[in-house]
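Each remark here refers to the structure printed beneath this line.
In the numbering used here, the protein residues as written are 10 to 281.
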C-alpha cells in the first residue's frame, strides 16, 4: 500500500521535471536564435604581431555569432593554442559585444638544441623556429633540454646565466645590448662566450668571454674598459675580451683574417 502511494507521488514529480526541462530547452533555443544576442562588435586588444583576422580565425568567431551559444572557455583555449599568444581573456559584454584581450609572446632568443626553438623572456620554448620570427634574435648554442627544467627539474646554472645575460641585454643601459649579440656559446666548464656584431662604440670587439659568475660585475669592468679606450682615442681595434678572471682583463687585438686565431702569438694579447 505504501509502495503504491510512493509511486503516485513520484510520477507527478517526474512529469513536472520533464515539463520544466522541455521548457528550459525551448527557452535556450529561443535565446540562441534571438538576433538581440548576435555579435555586433568584436573588440580585440593587445595584438601587435598577430593580425585581427588571425585572432578571429583562431578564436573561431565572427560577427553574427550568437553570444549565448558561444562557449567562452573553448574560445580562450583555441586562442592559447596559437604559438604567439601567451595569455587570453574572453568576455561577453551584454548584449552584443565580444571582447578579446590577448598578450603576445615576447621572444628573447633562439635556442639551438638539435633544432632551433624560439624562447620567450620567461625561458620557455613556445615554437619551433621557421624563419618568420623577428630578425636579430641571439642564437644560443650548447644547452640541453635538461638545462631548461622541462621535466620538472630545476634550471641549470648555464641556463640561468644565459637568461640573466640576455634579460640584462634588454635594458636600455646595458653595455652589450641584445641587438649586438649574434651568438651565445655555452661551454659546460668555461662558461659563456658572446659573439657580437662589431661596432665603434664597442671597439669593434667580436668575442667576449664572461664565464658563469658575476656577469653584472664583469659588464661594469667592460664598461670601464670601453670608457678608458674612448678617452685614449688611440684607434685600437679589439678582437676579443676575456673577463673570466676577476683580477684582470685580457684583450686580444684584431688579427689578420688570413690567419687562424690559434696562430696569434700570446704575446700580442694584453692584460689590463
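Beta carbons: idealized from backbone N, C-alpha and C, even for Gly.
These numbers were taken from a predicted model, which means no experiment stands behind them.
CA-to-CA distance, residue j to residue i, given in whole angstroms
| i | j | result |
| --- | --- | --- |
| residue 145 | residue 50 | 38 Å |
| residue 129 | residue 171 | 13 Å |
| residue 151 | residue 123 | 10 Å |
| residue 75 | residue 57 | 27 Å |
| residue 185 | residue 228 | 8 Å |
| residue 209 | residue 226 | 23 Å |
| residue 32 | residue 94 | Confidence at residue 32 is low in this model, with a pLDDT of 49, below 50, so the placement of that residue should be treated as unreliable; the coordinate-derived value is given next. So the two alpha carbons sit approximately 41 Å from each other. |
| residue 188 | residue 73 | 45 Å |
| residue 235 | residue 212 | 7 Å |
| residue 98 | residue 158 | 28 Å |
| residue 153 | residue 237 | 38 Å |
| residue 197 | residue 252 | 17 Å |
| residue 9 | residue 81 | Lying before the first or after the last residue shown, residue 9 is absent from the chain, which here runs from 10 to 281. |
| residue 255 | residue 223 | 9 Å |
| residue 261 | residue 121 | 28 Å |
| residue 149 | residue 182 | 22 Å |
| residue 92 | residue 214 | 36 Å |
| residue 165 | residue 239 | 37 Å |
| residue 167 | residue 194 | 10 Å |
| residue 263 | residue 134 | 37 Å |
| residue 216 | residue 141 | 28 Å |
| residue 64 | residue 131 | 23 Å |
| residue 137 | residue 143 | 13 Å |
Residue span of the alpha helix (DSSP H) that contains residue i, given as start and end
| i | result |
| --- | --- |
| residue 81 | 81-89 |
| residue 238 | 224-241 |
| residue 70 | Taken as a continuous stretch (DSSP letters only), residue 70 belongs to no alpha helix (DSSP H), as it is neither H nor E. |
Presumed contact (8 Å Cβ cut-off) between residue i and residue j, rounded CB distance
| i | j | result |
| --- | --- | --- |
| residue 220 | residue 199 | 7 Å |
| residue 70 | residue 59 | Contact doesn't hold; Cβ gap of about 15 Å is too wide. |
| residue 52 | residue 108 | 5 Å |
| residue 247 | residue 231 | Not confirmed; about 11 Å, so no contact. |
| residue 117 | residue 125 | The pair is not a contact, with the Cβ atoms about 13 Å apart (cut-off 8 Å). |
Beta-ladder partner(s) of residue i, from DSSP
| i | result |
| --- | --- |
| residue 148 | 119, 192 |
| residue 103 | Beta-bridge pairing links residue 103 to no other residue. |
| residue 137 | 126 |
| residue 96 | 112 |
| residue 209 | Partner(s): none; residue 209 has no beta bridge. |
| residue 47 | 75 |
Extent of the continuous beta strand (DSSP E) run through residue i
| i | result |
| --- | --- |
| residue 299 | With the chain represented from 10 up to 281, any question about residue 299 goes unanswered, as that position is not in the structure. |
| residue 52 | 50-54 |
| residue 248 | 247-251 |
| residue 4 | Outside the shown range of the chain, which is 10 to 281, sits residue 4, and nothing can be said about it. |
| residue 259 | 259-262 |
Interface flag, residue i vs chain B, CB-CB below 8 Å
| i | result |
| --- | --- |
| residue 110 | Reference to chain B is not applicable here, since this structure consists of a single protein chain. |
Heavy atom of the ligand ZN within 7 Å of residue i beta-carbon
| i | result |
| --- | --- |
| residue 161 | For the structure depicted, the ligand ZN is absent and the ligand set is empty, with no information on it obtainable. |
Requested in this report: With a floor of 4 residues, list each alpha helix (DSSP H) that falls wholly inside the stretch 156-204, ordered by position along the chain.
Outcome: 166-177
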